[in-house]
Each structure stands twice: as C-alpha cells, then as structure tokens.
Amino acid sequence: MFMLDHIWIILLLPILGAAINGLFGKRFPKAAVNSVAVGSVALTFIAVCELVREFWSLPAGAIPWIRSYYTWMAAGEMTEHPFRIDFALQVDQLTVIMLLTVSLVGLLIHIYSTGYMEHEGGYYRFFAYMNLFMFFMLTLVTGANLAVLFVGWEGVGLCSYLLIGFWFRKKSAADAGKKAFITTRLGDLAFMVGILLAFWTFGSLTYSNMFAQASRMQPDTMAHAGVLTAIAVLLFVGAIGKSAQLPLYVWLPDAMEGPTPVSALIHAATMVTAGVYMVARMNPVFSRAPIAMYLVAVVGCITALFAATIALTQNDIKKVLAYSTISQLGYMFLGCGVGAYAAGIFHLMTHAFFKGLLFLTAGSVIHALGGEQDMTKMGGLRKKIPVTYWTMLIATLAIAGIPGFAGFFSKDEILGAAKSGPHASLWLWAVGVFAAGLTSFYMFRLIFLTFCGKPRFDEHHTHVHESPRKMTIPLMILAFLSIFGGWVAAPKLVGGIDYFDRFLQPVFTAYAPTQVVSEASGAPGVSAGVQLLLAIVGIPVILAVIGLLVAWWFYIKNPNAPKKLARQLHGAYVLLWNKYFVDEIYLVLFIRPLLWISRNVLWKVVDAGAIDGVVNGTATAARESGGIARELQSGNTRSYAAWVVVGAVGFTMLLLAFLGLAVR
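In structure tokens:
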C-alpha cells in the first residue's frame, strides 16, 4: 500500500516540476523544460495508476482511505471545543475518477503544448504555471477536509489568472486574467462564509465528521430552510463563480485570450469542474437541503440553455467552445441538482475527453491558419488537415449526444434523471432537451464553417499544414476516449448494469437521508431490445439529429440562408450576437458605480482627505512647531539668559500658586 500511504507524492511531483522550471527554466533549453514539465505530470499519472491499483484491493470497510500527515492549524486546545485541522488526504471512488481524469487529460495537454507553444516567448514560465495548476487541482480533489480543498480551490483561481493573462503585454489578455480573478473572488467570498458556517455547525471541516453529524440531523424541507440549506447555498455560490454559471459566467468567454492549451486544461478537465466536484463531494449536506438542490438544478438548467443560445451566433471558434463549456457545466449541475450525482460526475469525465479534444483541435486549426480564429475566414480544411478534421468531428458527435459516443451516455443519464429521478421536473427535462438540440446545431455549424465548403482565406499567403505528431497524437488518444469513454454505462441500455454508477454508488449512498435506489437497471417490464430502441431514437437523439440537419441545410446546402435569417430576425440576432448585453449591463450597474465610489469617495475623501490628511497634517504641525522652536536657537547669549530668567519667574509663580492652594 505504498501509494495509498504516501498520497502526497502525487502532489509533490507537479509542484517540483513547477519549482524547477520556475526557478531555473530560463537557463534551460526547451528540451530540458519539456522533460521537467511533461515528465513530472507523466510520473504523476503513473503514480495515480499505481494508487488506483492498490485501491482496488482495499476492503469496503477501509474506504474512504484517509491519511493525516501533520496538524496544520490548531487553536483553543484547552477549551471545550478546540479548533484543529490536519493536512489530510483521502481516496475513495470519487477521488479515483477525478485523479484519473485530471492526470490523464492534463498529461495529454502538456504533451500537446510542447508543440503548440514551441515558438512562443516565456516557454519555461508557461510550463511552470501549468505544473502549478496541476498541483492545486490534485490538492483540491484529494483533500480530506474543506480546508485542504479550499487551498486547491484558491490555487486554481490564482493559476487561471496567471495562465489566462500569460501574454500579459497584450491588454485584452491582461484584462481577461483580472476579470477571471475578480469574478471568481465574488463567489469565493460566499464559499468562505459557507466553510465557516459549516465549522460552526459541525465543529469540524473533515468530511467524515461533517457527514456523520449531518446524517443525524433532521433534513430541511422546501417549506423550512435551516442551517443545512444555508451552508449548501453558500457553497454553491462559490461553485457558480468557479464553474462559470449564471450570473458569474462572464469571465470564461474572455478567458479565451489565453493560449489554447490553457483553455483545454482550465475549461475542460480541471478548474471549471471544481464546482461540480465540490457539490458532489458535499452530497450529504445538499441531499438534506431540497431548496439548495432545486437551486442547483435550476441554475444549471437555465445556464445550459442561456449559453447555448449565445453560441449560435458567435464566429470566434474558441468563443463558441467557451459558451459550449458553460452550457455543458450547466448539464452537470442539472444532474447533481436532481439527485443524479453519479450522472453529473459521469458527464464531467466524458466532457473532459471531448471538450479537451475540441479545444486542442481548435488550437490545431488556429495553428494551421497562422493564428486565425474567425470561422467565417476558414472553410475547405477537411482535406488539408485530415487528422484535425476527423478528431474534431468525433468530439462534435460526442458533445451532440449521437448514440455510440461518450457524450450520449452521460447526457442521456442526466436527462433521464431530470425526467424520472427522485427530484425530477418535467420543465427541467424539457429545457435540457431543447438545449441539447441547440448544442448539436452550433457544434455542427462550427464543423461546416471550419472544414467544409470553399476556402474563405487567401490560399496563396496562408500555408495550411497539419500539426506535428506531438500535437496530433494527444488528439487521437482523446478521440478514442470520446468514443469509448462512456461505454462503461452501455449495458444499462439493454437492462444491464451501469458500471460507472455502481462504482460511485457508495460515495452517494453512505450518508443518504433515505435509501437510494440504484438506477443501474432498466425500466421494469420492458425488454432489453425496446429499452435500447427507446434510447437511440429518444427525443434527445432526435433533436440532436435535427440540429445536425438544420446546420447542414444552413451552412452547406444554402450558405446564404443564415444572413437572410439574421436580417429577418434582426432584433433576436443582435441580442444573441451581443451576448444579451450582460457585460454592458454589469458595466452600468456595478463596475462604473464601484469605480466612481472608489475614485471619489474611497480615494479622494477617505484616503487622500482623511488618512493622508491626518498623516500630512501631523507632519506639517511637527514641521511648523520645529520652525518656531528653531527661531529660539539664535546663538545670542543675552537672549538665552533672558529666556532663563523668564522661565525661572514663570516656574516660581506656578510654585507659589500651588502653595497658596495647599494652605487654603
């Protein structure tokens, strides 16, 4: 049980890579930087595989496997309720899924980056940040208490700022980094309050202690919101910021200013999924707070539709994928909100495969066109960069939910739970299904504009070329996972076992308020063949196919139709093109008033007027009194003698006055 006893090694490897490249990488050749950066993540993945192998041999009673390495914070040891937090790590089924996903996808993105960033400045700095990001994300998912999770939570926020603003000499990139950092801080404020309220309620931040106490508490109801609801809502607000949900989603589209591998790492497999992981991890609290559960489902569902509608009109290939990410995160929260935590995590995993692939193939397209990101200036690339085309097509089929691809299985489980699960709602299901149809349309719009038709760029000045093997091999691996990564749930379609759900079931039933019925088996009384038929010709699949056909009709069959429709629906088109003017509304309602208050009240009145006034006034008074005293130092002996006489007379008069008062 070497790795289980030394889980910290998984965290140590990437932080060592970050330290070595960060401190010495400027002097290294690029080959050495690659060896340190990619090698540390490769060793991390190997260590994770060994940990998973050892985990399989554990008896059920030993899970979760928790290791405390030292006391991190301690206070009030002599009081009745001492405060103690250990640096402790744990491994259970949910940790295993997250570790495998983060380390594998992270490794592939690191390999891809060695080709994509080869000619960029700050090469060593980029990989130092990437390794640091891996360290914080792995810390987040292995922590055995909310305090360790919070370190990883804030760490990925810091690294997102560094990576999004990597090209810091470019104003738009620097502004995007600051926007991401500040926006997520708004959610993190509520998250911190939620952690403090959890400690006040449970007297501990360790998961096992909190969940054991929560299981003995009376669950809240829709008519009565208690402390459990307050904790869950506050934690979820933090997830809204970190996972870019309404209304704090605005940072993620701007984050596309960073290098494309950053988009793949942050917005596919790691940072933005932290909120989903946290909700799933805290399921014993959320499951006892139905108001919070409903809030999670509603926010996720509305965000999925909202972002999908914006993606319909965007022309920047990375912006389309950014809004797609926001929408798919909404699906994950929808799954968690209706009680299908395993389905939400399942979609998190499959999304890491196909969305990571989409971002990397988008980077390959941009690389082939010399930096061009506008899809209206692409076209005709299918035969020029075939590996990129076929792998991106596979990822598109997966995200659209076409049967047989990874996204079909996970999205089908979420929509199934929204329709017939323990917290089902017909309107949530209907909105989710409609958003699925929109997803298919805008993703195939991306495929047709980018790869089909005639080239809309200058072929004489643009040398289109396929990416090198160190970029295409990660694409092929992710394409394989985008096809077969969801097949662990395939037996459920014919009345068998959903192995993914069964694997995660202990995490979500150990502290469940009521007996949770496994969703692994099919509907009773329905044959396996009928179940399979209903799954592959169900409404979500039908809408996905319709979305594909509509996109084909608009962008292949009648390429002038989109412009005509935009003119006919001018108001709606302008609204979607300008992203519902949300950034402009925030600018008027929040940013400008805050800047005015900061400039005219906090700066001019409080800082310059009050604080500086006191400091400067004290200095002025000291200077003036010193000037007066300096006048007394004339160097004239007669003047000094006169002042001595005046002082003596004054002192004598005071002494006589005090004596007179004493006699009376």
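Here the sequence shown is numbered in the numbering used here, starting from 5 and rising by one per residue.
Ideal placement from N, C-alpha and C gives every residue a C-beta, glycine not left out.
Everything numeric in this text was worked out from a predicted model, so none of it was measured.
Contact defined as beta carbons within less than 8 Å: I believe MET382 pairs with THR454. What is the distance between those atoms, to the nearest angstrom?
With 8 Å as the limit, MET382 and THR454 qualify as a contact, their Cβ atoms being about 5 Å apart.
What do you get for ASN149, buried or exposed, if any count of 16 or more other CB atoms within 10 angstroms of its CB means buried?
Buried, since its Cβ has 16 or more Cβ neighbours within 10 Å.
Alpha-carbon spacing of LEU16 relative to ALA268, whole angstroms
23 Å
Is the beta carbon of CYS305 sitting closer than 7 Å to the one on LEU338?
yes
Along the alpha helix (DSSP H) that carries ASP505, what are the first and last residues, could you check?
503 to 513
State the Cα-Cα distance for the pair GLU523 and LYS567, rounded to the nearest angstrom.
Per-residue confidence for GLU523 stands at a pLDDT of 44, beneath the threshold of 50, marking its modelled position as unreliable; the derived number appears in the next sentence. Rounded to whole angstroms, GLU523 and LYS567 show a C-alpha spacing of 46 Å.
Where LEU98 and ALA570 are concerned, what is the direct C-alpha to C-alpha distance, given to the nearest angstrom?
46 Å
In chain order, what are the residue ranges of uninterrupted beta strand (DSSP E) at least 3 long that sit wholly in the segment 393 to 457?
Taking 3 residues as the shortest admissible run, the segment 393 to 457 contains no complete beta strand (DSSP E) segment at all.
Taking contact to mean at least 3 C-beta pairs separated by less than 8 Å, is the segment 126 to 145 in contact with the segment 244 to 252?
No: fewer than three Cβ pairs fall under 8 Å.
Coarse secondary structure for ASP611, derived from DSSP in three states
helix
With respect to the beta strand (DSSP E) encompassing ARG673, which residues constitute its N-terminal and C-terminal limits?
Past the edges of the chain, shown from 5 to 668, lies residue 673, and the structure says nothing about it.
Taking ALA202 and LEU209 to be in contact with their CB atoms under 8 Å, please state how far apart those CB atoms are, rounded to whole angstroms.
7 Å
So what's ASP96 in DSSP terms, helix, strand or just coil?
coil
Same chain only: Cβ atoms within 6 Å of TRP581, ignoring 5 sequence neighbours per side
Around TRP581: THR317.
Taking 7 Å as the threshold (C-beta atoms), are LEU232 and ARG292 in contact?
It is a contact, given that the beta carbons lie within the stated cut-off.
For MET5, does the count of other Cβ atoms within 10 angstroms reach 16, so buried, or fall short, so exposed?
exposed
Rounded to the nearest angstrom, how far is the Cβ of PRO288 from that of THR225, given a contact under 8 Å?
Actually they are not in contact, since the Cβ atoms of PRO288 and THR225 sit about 17 Å apart, beyond 8 Å.
Could you compute how far the alpha carbon of LEU361 sits from the alpha carbon of GLY441?
21 Å
Whole-Å CB distance - ALA421 paired with ALA428, under 8 Å assumed
7 Å
Flag this pair as yes or no: are the beta carbons of ALA439 and ALA312 separated by less than 7 Å?
Going by beta carbons, ALA439 and ALA312 fall inside the 7 Å limit.
Endpoints, alpha helix (DSSP H) assigned at TYR298:
294 to 315
Among ILE235, VAL42, VAL266, ILE101, whose alpha-carbon lies nearest the alpha-carbon of LEU142?
ILE101
Is it right to say ILE560 is buried, meaning 16 or more other beta carbons lie within 10 angstroms of its own, or is it exposed?
exposed
Alpha carbons only, please: which of ARG634, GLU376, ALA194, GLY207 is nearest the one belonging to PHE87?
Answer by Cα proximity: GLY207.
Closest by CA to ILE168, which one among GLY575, PHE461, ALA180, SER471?
ALA180
From LEU250 to VAL303, what does the alpha carbon distance come to, in whole angstroms?
7 Å
So is TYR165 in contact with chain B if we call contact Cβ pairs under 7 Å?
No chain B appears in the structure shown, which is made up of a single protein chain.
Bridge partners - THR210, DSSP secondary structure assignment:
The beta-bridge partner set that DSSP reports for THR210 consists of ASN149.
Within a Cβ cutoff of 8 Å, which residues of the same chain sit near GLY151, ignoring the five residues on either side of it in sequence?
The amino acid at residue 151 is misidentified as Gly; the sequence shows Ala. These residues qualify, in order along the chain: TRP76, MET77, ILE89, ILE199, LEU209.
Since TYR559 is in the beta strand (DSSP E), which residue starts that stretch and which ends it?
Looking at the DSSP string, TYR559 is not in any beta strand (DSSP E), and its letter there is neither H nor E.
The alpha helix (DSSP H) enclosing THR354, as first and last residue numbers
345 to 372
Given a threshold of 16 other Cβ atoms within 10 Å of its Cβ, counted over all protein chains shown, does ASN25 qualify as buried or as exposed?
buried
May I ask you to report which of helix, strand or coil DSSP gives MET336?
helix
Taking all protein chains shown into account, decide if THR380 is buried (16 or more other Cβ within 10 angstroms of its Cβ) or exposed.
exposed
THR75 lies in the alpha helix (DSSP H); which residues open and close that run?
Premise fails: THR75 lies in the beta strand (DSSP E), 69 to 79, not in any alpha helix (DSSP H).
Do LEU432 and ALA301 have their C-beta atoms within less than 7 Å of each other?
yes
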